[in-house]
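Enquirer: These protein sequence lines map, in sequence, to chains S and W. Per the numbering used here, residue 1 is the first one in the first sequence, and the count goes up by one each step. Per the numbering used here, residue 347 is the first one in the second sequence, and the count goes up by one each step. Here it is, the structure in full.
There are 2 protein chains.
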Amino acid sequence: MHIAILFGGSSFEHEISIVSAITMKKVLKNTQISYIFVSGEREFYFIDTQKINAKLFSSGEYKKSKVLSLKQGGFFVDTLFGTKSIDCEVVLNLIHGRDGEDGKIASMMEFYHVPFISPRMEASALSYNKLYTKFLAESLGVKSVAYEHLCARDERKISMDYPVIIKPVRLGSSIGVSIVREASGLDYALDVAFEFDSDVIIEPFIEGVKEYNQAGCYTNDWELSIVEEPQKEEFLDFEKKYMDFSRDSQVLSADISEALVLKIQENFKKLYDPLFRGSIMRCDFFVVDGEVLLNEINPIPGSMANYLFEDFEGMLERLIPHLSHESGISIDYQYIHSIQSAKGKA
Amino acid sequence: MHIAILFGGSSFEHEISIVSAITMKKVLKNTQISYIFVSGEREFYFIDTQKINAKLFSSGEYKKSKVLSLKQGGFFVDTLFGTKSIDCEVVLNLIHGRDGEDGKIASMMEFYHVPFISPRMEASALSYNKLYTKFLAESLGVKSVAYEHLCARDERKISMDYPVIIKPVRLGSSIGVSIVREASGLDYALDVAFEFDSDVIIEPFIEGVKEYNQAGCYTNDWELSIVEEPQKEEFLDFEKKYMDFSRDSQVLSADISEALVLKIQENFKKLYDPLFRGSIMRCDFFVVDGEVLLNEINPIPGSMANYLFEDFEGMLERLIPHLSHESGISIDYQYIHSIQSAKGKA
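So, in structure tokens, the structure goes:
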């Protein structure tokens, strides 16, 4: 298997995408990897797989790498004898946040006919926006955490009990997110959130809620990970976050009933199929009073959630032949020909 | 004003995009236009504005034009002395249907920092899918025509009274659309629709319903068109459709009350702002029992709905300084630097 890993991007999660990408080298032991870095300025660089490490980027040394151009059929590098395409079977989109998860990379891969592992454009647009994720879940019969929605120009009034959590609808990580414990704190938290986005959602903040993560994909059959109960901390400091995105060994299943696992899996499948086909995603669920509620969809999870799978590399290989491709549209100019004949100009 | 018009695309509406683009030459009398054609294979061609006509494309002669490449900052052409960018203030996305309206072009313009007139990515993804358009309208307090949704794998049962109209959720024009007058016709109509899409919506078909079109945009203030009552025919033949996409002179306002105009405008504004900022869109409304219902959003209407405006060219010029741009994200590698220091490697 030969895959190109696309990482970086003009995203608040640029740096953790680098961590995710480097982690893949440890995970995909039998895979030939080509690394394609998207700089903050959105130039493509071809990174030497032997030399990749975090400092290559923080030092700016990556700028000495060859620049690639994206054209019909793939990524190309200039050589003495013209341009040459980067060999690979498939591109793995590992750009977290903007560019990767908002649908830009998916759009470009489809436009240029490059096979890719990632949520497609529509799935990206819906899951990148926490409000649209609510619509999606609702339409699929998946319950999610209760919410209210405010635009920047709306009156700042909520009807939910405190404490609440305020989230800008479009950003990942914890950017612009606040927990508000009483009404007096609402205004400031909204100021912060509206710095980042025109829209926010407000959800009840449930102290000590049970959270469970489920990842998976559909190859020629369902391939579901174990269910993990992640360690919870209100905010992760940088070192914990680094650990989180560089996880590369399998973790233990949550100690929960078979019935609960089935409920979580059922919700995952409803969300995944068919919209997220072609991706390996992770969904984070809360369990409140025995009810499974969607908390969020991670369409491109940290280090691809490899640590939740027994055979991540094998799954990736099985996914490649089942990636969806846009249908072809034949352009035959029949309509213009008809007009021309009607006008006697044909 | 100097604009580049992007047209064509890998779309069922490729040919009518050509008609729309050519019409713009008649409408934008005081504008310098550069034409960029997207072929069915999705190569970019630089088309001579003096020579543009429908036959240039149907004959394949366009292939003699210069090929352009899309890179950071715009479209580039190879010259004897390296590459040279195509001068223009802004790109007008005039690709109807796939590529143009589904978010691909918007994604690419944003990625490559090219200023453009068109719905942005999120607006595209939502309005390209008729089911998501329903979610959107609902969330904004805009009433739309009643509907039911079926996936290909669902049981083929509807609870609505006949006649109904069946529409694939993702295609424009009338592709895959059928009117079904009684239950016995449902199965065949669904077969046809599922040929084109995994999802369909079913709406009541209301014989002789009153339809009104409203176009507009937000520059530094609202610029709303007149309201038109379009001529209705169940299906347009090719000549009528040609006429429809090549309209270039202003039409008359519908003969309706001021109160109804205001209701239509109010609904248009709710749908447009802020999601569709940067675009000139047209919304088609039905009026049933005095109630205004959204029928569809045309995010890139035929010939940009120029015929609904008194001063289309002036509006385009006023829109350019008010186009939204993505916010910059500064990548400072602070996080990787911290990790490196913590590890004693900095």
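For glycine and all other residues, C-beta sits at the position ideal for the given N, C-alpha and C.
May I have the straight-line CA-CA distance separating ALA692/W from HIS683/W, to the nearest angstrom?
Expert: In the second sequence, the residue the question calls residue 692/W occupies position 346. In the second sequence, the residue the question calls residue 683/W occupies position 337. Residue confidence for ALA692/W is low, a pLDDT of 41 falling below 50, so the modelled location carries little weight; the figure read from the coordinates is stated next. When rounded, the distance between both Cα atoms is 7 Å.
Enquirer: Put ASP78/S into one of helix, strand or coil per three-state DSSP.
Expert: By 1-based counting over the first sequence, the position of residue 78/S is 78. It is a strand residue.
Enquirer: Any C-beta of chain S within less than 9 Å: which residues of the region 653-675 of chain W qualify?
Expert: GLU672, SER673, GLY674 and ILE675
Enquirer: Taking buried to mean at least 16 other C-beta atoms within 10 Å of its own C-beta, is THR49/S buried or exposed?
Expert: As a working note, residue 49/S is residue 49 in the first sequence. Exposed: under 16 other Cβ atoms inside 10 Å.
Enquirer: From which residue to which residue does the alpha helix (DSSP H) around ARG664/W run?
Expert: Stepping through the second sequence from its first residue, residue 664/W is reached at position 318. Element bounds for ARG664/W: 658-665.
Enquirer: So, helix, strand or coil for LYS401/W, using DSSP?
Expert: Sequence index remark: in the second sequence, residue 401/W carries index 55 (1-based). Secondary structure at LYS401/W: helix, using DSSP grouped into helix, strand and coil.
Enquirer: So with CB distances below 7 Å, who are the chain S contacts of PRO620/W?
Expert: Along the second sequence, read from residue 1 onward, the residue named residue 620/W stands at position 274. Neighbours of PRO620/W on chain S, chain order: SER198.
Enquirer: Is the beta carbon of LEU6/S closer than 7 Å to that of ILE36/S?
Expert: For the purposes of this step, residue 36/S is taken as the residue at position 36 of the first sequence. For the purposes of this step, residue 6/S is taken as the residue at position 6 of the first sequence. In this structure, LEU6/S lies closer than 7 Å to ILE36/S by Cβ.
Enquirer: Using a Cβ cut-off of 9 Å, pull out every chain W residue sitting near GLY278/S, in sequence order please.
Expert: Within the first sequence, numbered from 1, the residue matching residue 278/S stands at position 278. Ordered by position in chain W, no residue passes the 9 Å Cβ test against GLY278/S, which lies about 13 Å from the chain.
Enquirer: For GLU203/S, list the residues DSSP reports as bridge partners.
Expert: Here the question's residue 203/S lines up with position 203 in the first sequence. Beta bridge pairing from DSSP links GLU203/S with ILE165/S.
Enquirer: To the nearest angstrom, how far is the alpha carbon of TYR340/W from that of SER39/S?
Expert: Residue 340/W cannot be examined here, being either before or after the span of chain W that is shown, 347 to 692.
Enquirer: Find the residues of chain S that neighbour HIS442/W, judging by a C-beta separation of less than 8 Å, and give them in chain order.
Expert: Within the second sequence, the letter at position 96 stands for residue 442/W. In chain order: nothing, as chain S lies at least about 12 Å away.
Enquirer: Which residue marks the beginning of the alpha helix (DSSP H) containing LEU617/W, and which one marks its end?
Expert: As a position in the second sequence, residue 617/W is number 271, starting the count at 1. Looking at the DSSP string, the run of the alpha helix (DSSP H) that includes LEU617/W is 604-618.
Enquirer: Would you report the Cα separation of TYR212/S and GLU296/S, rounded to the nearest angstrom?
Expert: By 1-based counting over the first sequence, the position of residue 212/S is 212. By 1-based counting over the first sequence, the position of residue 296/S is 296. TYR212/S and GLU296/S: Cα-Cα distance of roughly 11 Å.
Enquirer: Provide the residue span of the alpha helix (DSSP H) that contains GLU347/S, from first to last.
Expert: Nothing can be reported for residue 347/S, as the shown portion of chain S is limited to 1 through 346.
Enquirer: If you reduce the DSSP assignment to three classes, tell me which class GLY562/W lands in.
Expert: Position 216 of the second sequence, counted from the start, is the residue given in the question as residue 562/W. Correct three-state label for GLY562/W: strand.
Enquirer: From the beta carbon of SER595/W, is the nearest beta carbon of chain S less than 7 Å away?
Expert: As a first step, residue 595/W must be located in the second sequence, where it is residue number 249. No, SER595/W lies away from the interface with chain S (no Cβ there is under 7 Å from its Cβ).
Enquirer: So is LYS64/S buried or exposed if we call it buried at 16+ other beta carbons inside 10 Å?
Expert: Here residue 64/S is taken as the residue at index 64 of the first sequence, counted from 1. With fewer than 16 Cβ atoms within 10 Å of its Cβ, LYS64/S is classed as exposed.
Enquirer: Tell me, please, whether the region 104-117 of chain S touches the region 163-180 of chain S by the rule of three or more beta-carbon pairs shorter than 8 Å.
Expert: By the C-beta criterion, the region 104-117 of chain S is judged not to be in contact with the region 163-180 of chain S, since fewer than 3 inter-stretch pairs fall below 8 Å.
Enquirer: To be precise: take each residue of the region 99-110 of chain S, compare its Cβ to all Cβ atoms of chain W, and keep it if any distance is under 9 Å. Which residues remain?
Expert: Within the region 99-110 of chain S, the residues whose Cβ lies closer than 9 Å to any Cβ of chain W are, in chain order, ASP99, ASP102, GLY103, LYS104, ILE105, ALA106, SER107, MET108 and GLU110.
Enquirer: Which residues share a DSSP beta bridge with ALA350/W?
Expert: In the second sequence, the residue the question calls residue 350/W occupies position 4. Answer is SER380/W and VAL437/W, bridged to ALA350/W.
Enquirer: Cutting at 6 Å between CB atoms, please list the residues of its own chain near VAL114/S, excluding the five before and the five after it.
Expert: Mapped onto the first sequence, residue 114/S falls at position 114. Within the same chain, VAL114/S has close Cβ partners GLY74 and VAL91.
Enquirer: Just the chain W side, please: which residues come within less than 8 Å of GLY40/S by C-beta, in chain order?
Expert: Residue 40/S sits at position 40 when you count from the first residue of the first sequence. Ordered by position in chain W, the residues that pass the 8 Å Cβ test against GLY40/S are ILE675, SER676 and ILE677.
Enquirer: Which one of LEU275/S, PHE268/S, TYR62/S and THR31/S has the shortest CA to CA distance from ILE18/S?
Expert: As a working mapping, residue 18/S is identified with position 18 in the first sequence. Residue TYR62/S is the option with its Cα nearest to ILE18/S.
Enquirer: Kindly confirm or deny that the region 198-209 of chain S and the region 262-278 of chain S touch, where touching means at least three C-beta pairs closer than 8 Å.
Expert: no
Enquirer: Which residue's Cα is closest to the Cα of ILE339/S: ASP657/W, HIS348/W and ILE362/W?
Expert: Taking the first sequence and counting its residues from 1, the one referred to as residue 339/S is at position 339. Each of ASP657/W, HIS348/W and ILE362/W was checked against the Cα of ILE339/S, and the nearest Cα belongs to ILE362/W.
Enquirer: Decide if THR425/W is buried, meaning its Cβ has at least 16 other Cβ atoms within 10 Å, or exposed.
Expert: Translated into positions along the second sequence, residue 425/W becomes position 79. Counting Cβ neighbours within 10 Å, THR425/W comes out exposed, since fewer than 16 surround it.
Enquirer: If the cut is a Cβ gap below 7 Å, which residues of chain W does GLU122/S touch?
Expert: As a working mapping, residue 122/S is identified with position 122 in the first sequence. In chain order, ALA471 and ASN475 make up the part of chain W whose C-beta sits under 7 Å from the C-beta of GLU122/S.
Enquirer: Apply the 10 Å Cβ neighbour rule to GLU359/W and answer buried if 16 or more other Cβ atoms are within range, or exposed otherwise.
Expert: What you label residue 359/W is simply residue 13 of the second sequence in a count that begins at 1. Per the 10 Å Cβ criterion, buried.
Enquirer: Between the alpha carbons of CYS217/S and ILE280/S, how many angstroms are there, rounded?
Expert: Your numbering for residue 217/S matches position 217 in the first sequence. Your numbering for residue 280/S matches position 280 in the first sequence. Those two C-alpha atoms are separated by around 5 Å.
Enquirer: LYS689/W: buried (16+ other C-beta within 10 angstroms of its C-beta) or exposed?
Expert: Counting from 1 along the second sequence, the entry for residue 689/W is found at position 343. Its Cβ having fewer than 16 others within 10 Å, LYS689/W is exposed.
Enquirer: Answer yes or no: do ASP594/W and VAL413/W have a C-beta to C-beta separation smaller than 7 Å?
Expert: Position 248 of the second sequence, counted from the first residue, corresponds to residue 594/W. Position 67 of the second sequence, counted from the first residue, corresponds to residue 413/W. No, the pair does not count as a contact, with Cβ atoms beyond the cut-off.
Enquirer: Using DSSP with H/G/I as helix, E/B as strand and the rest coil, what is PHE591/W?
Expert: Stepping through the second sequence from its first residue, residue 591/W is reached at position 245. It is helical.
Enquirer: Could you tell me whether the region 145-165 of chain S touches the region 187-199 of chain S, using the rule of 3 or more Cβ pairs below 8 Å?
Expert: yes
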